[in-house]
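A quick write-up on the structure given underneath.
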Amino acid sequence: MTRPALILHGGAGARRSRDYAAERADMVEVVRAMQARLEAGEAALDVAVEAVCLLEDSGLYVAGRGASPNLDGDYELDASLMDGATGRAGGIAALQGFRNPVRAARAVMDHTPHVLLVGEGARRFCEEQGLEPVPGGNDWFTRAGQGEDNHPPGTLAHGTVGCCVLDTQGRLAAATSTAGVFGKLPGRVGDTPLPASGTWADGHAAVSSTGQGEYFIRSAAAAQVAWRVASGQTVAEAGQAVIDAIGAMGGDGGLIALDRHGRHADPYNSQGMKRAWLTPEGEIGVAVFND
């Protein structure tokens with residue numbers, strides 16, 4: 001039996017001028033809750049989805065309840081997930097009106113022959129699936145990104161949550177969710193709902209990206225990390241190489257990755273990245289900045 005492990009993130013838009021005590025406490029609470037699920041034998045994909053749901057519902061991060069509106073005042077949410085054991089994936093993009101985009105992505109994977117649904121078609125699908133709508137309209141959203149990401153309106157701002165999991169059966173999975181910050185152009189889709197860019201899991205590694213998604217799309221960032229691990233790099237070497245390449249293109253952000261031995265990596269080139277983890281030895285850690 002494999003010793004379980006996981007790593008999650010609350011986005012790479014952290015600023016040193018802010019206090020992240022609430023986020024740090026929340027991430028540790030989520031890790032502990034998922035540790036109990038893993039020790040009870042739950043599958044990696046199920047745990048990844050539940051972890052991201054908790055992060056979405058907290059209102060502390062730029063995903064789910066923490067969404068900020070786009071330039072039209074609408075809340076468009078994206079998510080994706082991938083099961084490393086089977087190669088199955090699901091995604092949802094520009095979704096309006098539903099509480100947990102990661103559950104919508106799971107429904108796409110489980111109940112359609114497709115990988116990605118977007119916009120109005122995605123909304124109708126979620127209605128048909130009986131997924132929970134946003135309670136109380138737009139007043140439900142906390143706009144967590146207001147004071148964090150200081151990119152000018154209309155430029156490549158970012159904010160995301162994600163989780164990578166290794167379960168007791170040695171299966172890897174990853175899930176990622178985002179909602180956008182002030183100034184996002186209507187209809188913009190970044191890397192988060194795209195397997196290979198925002199999310200990836202196979203037999204070698206699970207990866208979740210966070211940052212200026214256009215650069216992660218151009219580099220197939222999440223899948224590239226796993227392919228590098230498959231070719232012999234450590235997960236730390238692979239993750240850092242991908243972030244270095246994104247930085248060389250002018251992009252910023254970070255990623256979390258977990259290999260099949262439970263070793264994790266969390267490289268980033270922004271000021272900070274909110275993250276927490278569980279090691280195979282049962283140790284829990286949390287950090288926002290490198291110091």
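Using UniProt numbering, read the sequence shown as starting at 1 and increasing by one per residue. Virtual Cβ for every residue (Gly too), placed ideally from N, Cα, C.
Report the rounded CA-to-CA distance for asparagine 100 versus valine 288, giving the unit in angstroms.
Asparagine 100 and valine 288: Cα-Cα distance of roughly 24 Å.
So, at 7 Å on beta carbons, what are the nonlocal neighbours of residue 314 in its own chain, with the 5 sequence-adjacent residues on each side left out?
Given a span of 1 to 291 for the chain in the structure shown, any question on residue 314 remains unanswerable.
Could you please give me the residues that DSSP links to lysine 274 through a beta bridge?
Among the bridge pairs identified by DSSP, lysine 274 is matched with Gly11.
Can you tell me whether phenylalanine 289 is helix, strand or coil according to DSSP?
Three-state result, phenylalanine 289: coil.
Coarse secondary structure for leucine 60, derived from DSSP in three states
In the structure shown, leucine 60 sits in coil (DSSP, three-state: anything other than H, G, I, E or B).
What is the rounded straight-line gap between the Cα of alanine 67 and the Cα of arginine 143?
Each residue's alpha carbon lies about 5 Å from the other.
Determine the direct distance from the alpha carbon of leucine 258 to that of alanine 48, and round the result to whole angstroms.
Rounded to the nearest angstrom, the gap between the Cα atoms of alanine 48 and leucine 258 is 12 Å.
Have a look at the DSSP bridge pairing and note the partners of tyrosine 215.
Bridge partners of tyrosine 215: none, in fact.
Excluding the 5 residues preceding and the 5 following isoleucine 284 in the sequence, name in chain order all residues of the same chain whose CB lies nearer than 8 Å to its CB.
Excluding sequence neighbours, isoleucine 284 sits near Val28, Val31, Arg32, Gln35, Ala276, Trp277 and Leu278.
By the three-class DSSP mapping on this structure, what secondary structure does alanine 89 have?
Strand.
Helix, strand or coil, according to DSSP, for glycine 247 in the structure here?
Glycine 247 falls in the helix class under three-state DSSP.
To which residues does DSSP link aspartate 83 through a beta bridge?
Answer by DSSP bridge pairing, in chain order: Ala173.
Assigned secondary structure, glycine 203 (DSSP; H/G/I helix, E/B strand, else coil):
Judged by DSSP in its simplified three-state form, glycine 203 adopts coil rather than helix or strand.
Which residues share a DSSP beta bridge with valine 165?
Answer is Leu6 and Ala173.
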